[in-house]
Amino acid sequence: MKNKIAIVHDFLTQSGGAERVLKVLSDMYPEAPIYTLLYDEGKMGGMFKGREIRASYLQKFPNFLKKHHRWLIPFFPVVVETFDLREFDLVISSSGAWSKGIVTKLNTKHVAYLHSPMRFAWDYSDQYIKEIKERRMSFMVRFLLSYLRVWDKLAAERPDYLISNSKYTQERVNKYYRRESKIIYPPVNNGNQQLVTSNQKVEKVTSYKLPVTDYFLVVSRLSPYKKVDLVVEAFNKLGLPLVIIGQGEQENYLRKIANDNIEILGWQSDDVVQDYMKNATAFIFPCVDDFGMAPVEAMCLGVPVIAYRKGGALETIEEGITGEFFNAQTMEVLADGIRRFVLNKDKYDKNIITKKAQEFSRERFEREMRALIFEVTENEK
């Protein structure tokens with residue numbers, strides 16, 4: 052008998068790496084409804100058109116609360132536990148914080164794909180507290196984070212199987228949750244891998260108004276922890292052309308501090324992003340990420356990556372072959388790393404870079420996920 056499957060995801064309010072993974076899971080199981088805390092159809096760009104989305108009762112809250120849903124953080128544990136999943140034989144959660152905490156019946160198998168442990172409760176809690184100047188508020192935040200760590204640890208005990216998206220995530224899952232997990236790397240969109248000739252490059256430059264000279268590229272959410280401001284400062288100093296694609300709370304600030312050699316384009320469609328990637332001299336990845344899909348997408352198109360030496364980038368980038376690392380998140384160190392790359396950029400082979408990126412293909416992800424799901428469901432028969 053065919054298993055009845057549901058998928059659970061934290062939020063559908065922005066399009067990022069976790070949502071790309073969710074899209075592939077949904078394509079694998081198109082009849083599975085998607086449960087989520089909040090859904091903003093306008094911000095998803097039709098990514099889940101035709102899918103059944105079952106949002107929580109938070110969807111009925113006033114728009115200003117949904118827009119600033121961080122104010123609702125204390126309620127998320129309770130809300131995610133209210134999802135009624137009794138009709139399903141298998142639930143796959145796609146979790147960066149909340150969805151692994153669903154409650155399922157005894158005979159329902161729960162497989163959790165972990166993009167990360169709850170970052171703000173475990174990895175960045177000290178940083179959040181330091182940014183709070185008012186003592187009473189600081190105490191309240193400390194109390195909230197303590198409560199969330201307790202809930203998160205309990206929530207991580209609920210899935211029958213845990214999957215980590217990288218070794219870096221796996222190590223933190225083991226440390227924070229004291230649980231073993233299997234690594235299945237995310238599916239990276241390899242797009243159109245036809246390498247770009249110089250003639251094609253001029254055509255694309257004309258089409259999308261790219262700078263005629265070689266440029267560096269950042270594609271990222273423009274949030275403080277993504278460290279895009281660090282890249283802007285480095286390129287202000289270097290004077291090299293830089294293109295930034297993305298949106299977020301730092302967008303206006305970055306526009307104010309960026310010199311004329313830097314172009315900030317905001318949100319762009321996948322097709323436009325891919326064309327910018329094809330034409331880039333190198334892709335800059337300055338943050339610590341659990342995996343980091345954008346740099347691998349650039350590698351799929353033969354573009355080398357300059358990345359901070361920490362996190363998932365250590366698993367995807369081969370130093371001197373597919374990119375370079377810099378060792379500290381400071382403007383000076385990043386600028387030095389870019390200078391080194393410029394001196395050695397001719398040694399990079401687009402075909403070798405593209406071949407390395409195929410280790411993270413969608414086909415490989417689907418094969419490994421289906422094998423695990425088969426193992427989970429067949430063991431119950």
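Here our numbering runs 51 ahead of the position in the sequence shown, where the first position is 1.
Virtual Cβ for every residue (Gly too), placed ideally from N, Cα, C.
Using 8 Å as the cut-off, can you tell me whether the segment 102-120 makes contact with the segment 161-175, which would need three or more C-beta pairs spanning the two stretches below that distance? Flag = no, the segment 102-120 and the segment 161-175 do not touch.
In this structure, how does DSSP classify I296 when only helix, strand and coil are distinguished? The DSSP-derived three-state label of I296 is strand.
By DSSP's criteria, E375 is part of a beta bridge. Which residues make up the other side? DSSP lists I357 as partners of E375.
Consult DSSP for F334 and reduce its assignment to one of helix, strand or coil. Here DSSP, grouped into helix, strand and coil, assigns F334 to strand.
Just to confirm the assignment: which complete beta strand (DSSP E) runs, minimum length 3, are found wholly within the segment 121-181? The qualifying runs are 141-146 and 160-165.
For the beta strand (DSSP E) containing Y212, list its first residue and its last residue. Element bounds for Y212: Y212 to S215.
How about L305 and D280: do their beta carbons lie closer than 8 Å? Contact flag set, yes.
By Cβ distance, which residues of its chain are closer than 8 Å to A345, with the 5 residues on each side in sequence left out? Excluding its 5 nearest sequence neighbours in each direction, A345 has C-beta neighbours in its own chain below 8 Å: G68, V270, S271, F334 and F336, listed in chain order.
Length of the line joining the Cα atoms of A349 and M328: In this model, A349 and M328 are separated by some 6 Å (Cα to Cα).
Cα separation between M382 and N287? Using only the alpha carbons, I get a separation of about 10 Å.
I'd like to check one pair, V59 with K129: are the Cβ atoms closer than 8 Å? In the sequence on display, residue 129 carries Val and not Lys. Contact flag unset, no.
Opening and closing residue of the beta strand (DSSP E) in which E82 lies: Counting along the chain, E82 sits inside no beta strand (DSSP E), nor does DSSP assign it H or E at all.
Is the beta carbon of G353 less than 8 Å from the beta carbon of T405? Contact: yes.
Over what stretch of residues does the alpha helix (DSSP H) that includes I424 continue unbroken? According to the DSSP assignment, I424 belongs to the alpha helix (DSSP H) that extends over R413 to E429.
Have a look at V323 and V75 and give me their C-alpha separation to the nearest angstrom. Spanning the alpha carbons of V323 and V75 requires a straight line of approximately 21 Å.
Is Y236 closer than 8 Å to T332 when the C-beta atoms are compared? No, these two residues do not count as a Cβ contact at 8 Å.
Option in V162, A57, V131 and W173 with minimal Cα separation from R193: Taking only the C-alpha atoms, the option nearest R193 is W173.
I want to know whether the segment 388-401 touches the segment 215-227 - three or more CB-CB distances under 8 Å. Judged by Cβ distances under 8 Å, the segment 388-401 makes no contact with the segment 215-227, as fewer than three pairs qualify.
Between A379 and I368, is the Cβ-Cβ spacing less than 8 Å? A distance of 8 Å or more separates the beta carbons of A379 and I368.
When we look at the beta-carbon of S232 and count the other beta-carbons within 10 Å, is it buried (16 or more) or exposed? With 16 or more Cβ atoms within 10 Å of its Cβ, S232 is classed as buried.
Rank L293, L289 and S320 by C-alpha distance to the C-alpha of E314 and give the top, closest one. Of L293, L289 and S320, the residue nearest in Cα terms is L293.
From F134, R391 and N54, pick the residue whose C-alpha is nearest to that of N158; which is it? Distances from the alpha-carbon of N158 to those of F134, R391 and N54 put N54 closest.
Would the beta-carbon of V224 fall within 8 Å of that of S145? For the pair V224 and S145, the CB atoms are not nearer than the 8 Å cut-off.
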